[in-house]
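What follows is a set of notes on a single structure, which appears directly below.
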Amino acid sequence: MKARIVTLPGDGVGPEVLDAAVAVLEAVAERSGHSFEFEAQLIGGCAIDATGEPLPAATLEACKKADAVLLGAVGGPKWSDPQAKVRPEQGLLAIRAALGVYANLRPLQVHPALASLSPLKNEKLKHVDVLFVRELTGGAYFGAKTRTTDAATDECKYTVAEVERVTRRAFELARERRQHVTSVDKANVLETSRLWRSTVTRIAAEYPDVKLEHQLVDSMAMLLLTQPARYDVVVTENLFGDILTDEAAALAGSLGLLPSASLGEGKVGLYEPIHGSAPDIAGQGIANPLGAILSAALLLRHSLDLDVEATTIEAAVGHVLSNGPHSRDIGGKAGTAQIRDAVIAALDDVATPAFLSGL
Ligand code: NAD
Ligand code: IPM
Ligand code: MN
2 MKARIVTLPG
12 DGVGPEVLDA
22 AVAVLEAVAE
32 RSGHSFEFEA
42 QLIGGCAIDA
52 TGEPLPAATL
62 EACKKADAVL
72 LGAVGGPKWS
82 DPQAKVRPEQ
92 GLLAIRAALG
102 VYANLRPLQV
112 HPALASLSPL
122 KNEKLKHVDV
132 LFVRELTGGA
142 YFGAKTRTTD
152 AATDECKYTV
162 AEVERVTRRA
172 FELARERRQH
182 VTSVDKANVL
192 ETSRLWRSTV
202 TRIAAEYPDV
212 KLEHQLVDSM
222 AMLLLTQPAR
232 YDVVVTENLF
242 GDILTDEAAA
252 LAGSLGLLPS
262 ASLGEGKVGL
272 YEPIHGSAPD
282 IAGQGIANPL
292 GAILSAALLL
302 RHSLDLDVEA
312 TTIEAAVGHV
322 LSNGPHSRDI
332 GGKAGTAQIR
342 DAVIAALDDV
352 ATPAFLSGL
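Residue numbering for the sequence shown follows my numbering, beginning at 2 and increasing consecutively.
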């Protein structure tokens, strides 16, 4: 198969982890006979520096024409002045909105070799396998903003249609998993959450084979740490999903490990690790590229329908986590390039005949 992938390296460690993910995709192409064409474009702080805009028109156009988009990270202290008129993060929100990718899938699994890195006792981490479905194009992120010298507002708005579509996505995904959806909201306080809850409850009736439970977000933050293995699919609104998934990353051992896939009704999916530009370690070649590499695997699965290839990358990552080397965030000494090379080498250890024939 031939595919065109736009890469958006962005800022900080973004280009470092994206280089590794692209190298793994190239290694997959070489072994399986597929052909992936990459086109790099600007987004975020580097785009502001070059063009004055966080999402230049050329980037948006290229993304819309691509089969899939793979993003590193945006932002950093250089562009973080609260008075700044234009911000790197606006580029990220704009590309998500423009591609209509309203469902952000953030899978969480805990590799046994890393269980000791989690602040939780090992036995709590057994069988942890959660798929967060974060609503990505609504809520406080996209509502009207106002600012005077002594006050500011961020409108949080959800329409029924926005809640319905992400709910359906969550239930469809749950059908393929353990048939359990937890919907997280703050319905005891927020009107948007009451709309969320009644909409999710109504849509759930279309999926009698899937069990639904509701959980308030504050207690969910606690339950994620005390009973993480209880959860299957967790669907929630934009801001709650952002916060809960960084919390979830602590269970896996590092923020550098978690991938994401952002999907809509359109053909183009957006794939990015959940971490940011990590300014504290940028430029040192020590960022963990596994979240980006696993995002590339999700790209193959969801945008290119290459499930065998995606599973092969995931198995290669598992092999590296079991046998090393490990990057610093998970207690090792290896740099980004060493992890990249180890994953590529592991592709050959885990390759199956189906993978090698590109079937
Ligand atoms: P961050 O995710 O960049 O970093 C948080 C901590 O995790 C840091 O200590 C960092 O070193 C560590 N970390 C993150 N990724 C890592 C990796 N791959 N390997 C090893 N360690 C890693 O979050 P932050 O510091 O709150 O934000 C920094 C900037 O990133 C901000 O400008 C923020 O807006 C931006 N950001 C961008 C994205 C994105 O582009 N998708 C996501 C989150 C934050
Ligand atoms: C993420 C990030 C972004 C978000 C920021 C950088 C806009 O934290 O992808 O999780 O909040 O969605
Ligand atoms: Mn985040």
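Glycine residues also receive a C-beta, built at the ideal position from the N, C-alpha and C atoms.
Whole angstroms are fine: how far does the CA of A188 sit from the CA of T337? 43 Å
Length of the line joining the Cα atoms of G332 and P290: 15 Å
One question on the structure: do V269 and L100 come within less than 9 Å of each other, judged by their Cβ atoms? yes
For the stretch 209-267, list the beta strand (DSSP E) runs that are entirely contained and at least 3 residues long, ordered along the chain. 212-217, 234-237, 262-264
Three-state secondary structure (DSSP) at D186? strand
For Y142, verify whether its CB is less than 8 Å away from any heavy atom of the ligand IPM. yes
So E136 is in the beta strand (DSSP E); what residue range does that whole segment cover? 130-136
Please state whether the Cβ-Cβ distance between G144 and G73 is less than 9 Å. no
Contact belief for A253 with L245 at Cβ below 8 Å, rounded distance in angstroms: Rounded, the Cβ-Cβ distance is 13 Å, inconsistent with contact.
Assigned secondary structure, S328 (DSSP; H/G/I helix, E/B strand, else coil): strand
Thinking C-alpha only, which one of H181, Y208, Q228, S199 is nearest E214? H181
May I have a chain-ordered list of the alpha helix (DSSP H) segments no shorter than 4 residues that lie completely inside the stretch 266-325? 291-303, 308-324
At 3 residues or longer, what runs of the beta strand (DSSP E) sit wholly inside the stretch 98-172? 104-110, 130-136, 146-148, 153-155
Cβ-Cβ distance between V29 and T8 below 9 Å: no
Any chance you could list the alpha helix (DSSP H) runs of at least 4 consecutive residues sitting entirely within the stretch 33-106, in chain order? 46-52, 58-66, 89-100
Quick check: the Cα distance between S304 and K125, rounded to an integer number of angstroms? 34 Å
Within 10 Å of its beta-carbon, does T168 have 16 or more other beta-carbons around it, so buried, or fewer, so exposed? buried
What does the Cβ neighbour count give for H128, buried or exposed, with the cut at 16 atoms within 10 Å? exposed
Which residues bound the beta strand (DSSP E) around L8? As written in the sequence, residue 8 is Thr, which differs from the Leu given in the question. Start and end: 3-11.
Rounded C-alpha distance that separates S358 from T312: 15 Å
With DSSP as the reference, please indicate the residues paired to A362 in a beta bridge. Lying before the first or after the last residue shown, residue 362 is absent from the chain, which here runs from 2 to 360.
Tell me whether the beta-carbon of P89 lies closer than 9 Å to the beta-carbon of A48. yes
Whole-angstrom C-beta distance between Y103 and G267, which should lie under 8 Å: Not a contact, Cβ separation roughly 10 Å.
With S1 as the anchor, note down where its alpha helix (DSSP H) starts and where it stops. No statement about residue 1 is possible, as the shown extent of the chain runs from 2 to 360 and does not include it.
Pull up the CB-CB distance for E315 and A298, whole angstroms please, since I reckon it's below 8 Å. 5 Å
Can you check which of these residues, L322, Y232, L196, is closest to A116 by C-alpha distance? L322
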